[in-house]
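Reading through the structure tokens given below for one structure.
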Amino acid sequence: MASTYPVGGGAAASVESSSSAVSWGAIVAGALAAATLTFILMMLGSGLGLTIVSPWGHEGATATTFAVSAAVWLVIVQWLASGVGGYLTGRLRTKWVGIHTDETFFRDTAHGFMAWALATLLIVFVLGSAMSSAIGTGVQAASTVASGAAMGASAGASTNAGSDSSGATSYFVDALFRPTDPARLTAPGAEGDAAAAAQASRILVASAAAGEVSPGDRTYLGQLVAARTGLSQQDATARVDQVLAQVDKAKEKAKQAADTARKAGATFALLGALSLVIGAFIAGVAAAFGGRQRDEEETLYLSQRR
């Protein structure tokens, strides 16, 4: 803070104040209040279900709905927390004497912005773990569903390629070798059935990695199914085509789920950034309002005492 004093024949010399124009105590107090209120409101939002999406299909909010609702809630949180923190910063700062009204307004706005910035850093570095757990529940659930579907349809099956009767491709293998007569399940030849299932699993895994089933593999699968189930070659081939169509459908659903999760994440990031910008603006306005109110009330109090 600088003050001017007359020198000689009316000239003015600038004398720099020894005190800082930044009221760090008020900034820290406002930041702590904003960070604490943000954490409380985020826990409230989590309790109300605004940050949770159902991992089950056709139940609860979708990933996109979750991202939008969570981002809107973040805007509300930033509005309330930044407003409270900025207002406290303006009311608690030291009064500046001998400066222009515009300079006071600028300093109050800057104090509010700094309080918001400090509160944001506190949330990121101190409360980041708890906040991520509350906000990221829905996104993690959606990602788990998407990745699970992808594993069931394609590359994830390769981790279980050595398994005879388990792994991500087991359902499709069982569909291939389902006998027309259930009594065949207890008939001799279990070792042969297991070997056929293992071969089919390896074909499905390799085909998933390649993106398609070669004509030779498709024909061989039909022969395996016909040999192990008692179906005619024509019916066995039809069954192979039906199961492969199911595999392709599952892969397409996995891609759609992954794309939906990606779009939801992008929407959440953009709206989250918007909420931070809104928070910074609100903090500055609230601090300017609180500072002006503080000065006005102090001036009124002093005039009443006179």
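Numbering (the numbering used here), first residue to last: 1476 to 1781. Cβ coordinates follow ideal geometry from the N, Cα and C atoms, glycine included.
Report back the beta-carbon spacing between residue i and residue j to the nearest angstrom; my notes put them in contact at under 8 Å.
| i | j | result |
| --- | --- | --- |
| valine 1700 | leucine 1651 | 5 Å |
| alanine 1590 | threonine 1564 | 4 Å |
| alanine 1696 | valine 1550 | Checking the sequence shown, residue 1696 turns out to be leucine, not alanine. Their Cβ separation, rounded to whole angstroms, is 54 Å, which puts leucine 1696 and valine 1550 out of contact at 8 Å. |
| glycine 1754 | arginine 1568 | Wrong, their Cβ atoms sit about 19 Å apart, outside the cutoff. |
| leucine 1517 | valine 1547 | It should be pointed out that residue 1517 corresponds to methionine in this sequence rather than to leucine. The Cβ separation is near 13 Å, so there is no contact. |
| alanine 1509 | alanine 1594 | 4 Å |
| serine 1498 | histidine 1586 | 6 Å |
| alanine 1671 | arginine 1703 | 5 Å |
Helix, strand or coil, according to DSSP, for residue i in the structure here?
| i | result |
| --- | --- |
| glutamate 1727 | helix |
| leucine 1706 | coil |
| isoleucine 1574 | coil |
| threonine 1569 | coil |
| leucine 1523 | coil |
| valine 1497 | coil |
| serine 1689 | coil |
| arginine 1781 | coil |
| glycine 1623 | Low confidence applies to glycine 1623: its pLDDT is 46, below 50, so where it sits in the model is not reliable, and the reading given next is rough at best. The answer is helix: DSSP assigns glycine 1623 an H, G or I state. |
| leucine 1775 | helix |
| glycine 1532 | Legend: pLDDT at glycine 1532 = 46, less than 50; position of this residue unreliable, value from coordinates given subsequently. In this structure, glycine 1532 counts as coil in the three-state DSSP scheme. |
From the options, pick the residue whose C-alpha is nearest to that of residue i; which is it?
| i | options | result |
| --- | --- | --- |
| arginine 1693 | Ser1682, Val1550, Gln1768 | Ser1682 |
| arginine 1582 | Ala1673, Ala1763, Glu1772, Gly1505 | Ala1763 |
| alanine 1856 | Lys1726, Ala1758, Ala1671, Ser1495 | Because residue 1856 is not part of the residues shown, which for the chain are 1476 to 1781, the question remains open. |
| phenylalanine 1600 | Phe1514, Ala1736, Ile1678, Glu1772 | Phe1514 |
| alanine 1556 | Ile1598, Gly1500, Gln1674 | Ile1598 |
| threonine 1584 | Ala1501, Leu1679, Val1715, Tyr1776 | Ala1501 |
| aspartate 1716 | Gly1740, Leu1596, Ser1689, Leu1777 | Ser1689 |
| arginine 1566 | Ala1675, Ala1739, Glu1772, Arg1780 | Glu1772 |
| alanine 1545 | Val1680, Leu1507, Gly1558, Gly1740 | Gly1740 |
| threonine 1579 | Gln1768, Leu1751, Ala1673, Gln1674 | Gln1768 |
| lysine 1724 | Trp1554, Gln1698, Tyr1776, Glu1687 | Glu1687 |
| glycine 1558 | Thr1774, Val1752, Tyr1776, Leu1775 | Val1752 |
| lysine 1738 | Leu1679, Gln1674, Arg1780, Val1543 | Val1543 |
| leucine 1596 | Thr1511, Leu1777, Arg1781 | Thr1511 |
| alanine 1506 | Phe1588, Gln1779, Val1680 | Phe1588 |
Flag residue i as yes when its Cβ comes closer than 8 Å to any non-hydrogen atom of the ligand ADP, and as no otherwise.
| i | result |
| --- | --- |
| alanine 1675 | Here there are no bound small molecules, and the ligand ADP is not part of this structure. |
Evaluate contact between the stretch 1712-1720 and the stretch 1506-1521, counting only Cβ atoms and requiring at least three cross-stretch pairs below 8 Å. no
Discussion item. Within 8 Å, do at least three Cβ pairs link the stretch 1752-1770 to the stretch 1550-1564?
Written reply: yes
The stretch 1569-1589 contacting the stretch 1736-1746, beta-carbon criterion three pairs below 8 Å
no
Self-check item: Three CB pairs or more closer than 8 Å across the stretch 1700-1714 and the stretch 1726-1739
Solution: no
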